[in-house]
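Residue numbers (the numbering used here): 43 to 159. What follows is a short report on a single structure.
Okay, structure coming up:
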């Protein structure tokens, strides 16, 4: 449930960011940017924030792992496989959450974006 809620939050924030940047993205398309360029622009923005969040979250999890170690069942508090699996799952969810706004940005009509300015 937490993973789904996090992915939904990433999708919402990135979708809102793309809607605010509609004129910029339309101008980029009008000046010759390809759909792949816009995909890359949106995905690197979203996934860059996800990587920063993973770094901060991993450091926080490591810091409190000693305190919560007694609550874990058959897992060491500093198990690197568990950390990697959790980070990988979160990164995949973030990447999937970034795809819809990136597709919307790549398929935007430059004339509509430029008319509303």
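Glycine included, C-beta positions come from ideal geometry on N, C-alpha and C.
- A distance below 9 angstroms separates the beta carbons of residue 52 and residue 135.
- Judged by DSSP in its simplified three-state form, residue 151 adopts coil rather than helix or strand.
- Residue 107 and residue 119 do touch by the CB rule: their CB atoms are close to 4 angstroms apart, below 8 angstroms.
- Look at the segment 67-145 and you find no whole run of beta strand (DSSP E) that is 3 residues long or longer.
- In this structure, DSSP gives residue 43 a state outside helix and strand, which the three-state scheme calls coil.
- Residue environment: residue 80 is assigned as buried (16 or more neighbouring CB atoms within 10 Å of its CB, all protein chains considered).
- Rounded to the nearest angstrom, the Cβ distance from residue 67 to residue 147 is 5 angstroms, consistent with a contact under 8 angstroms.
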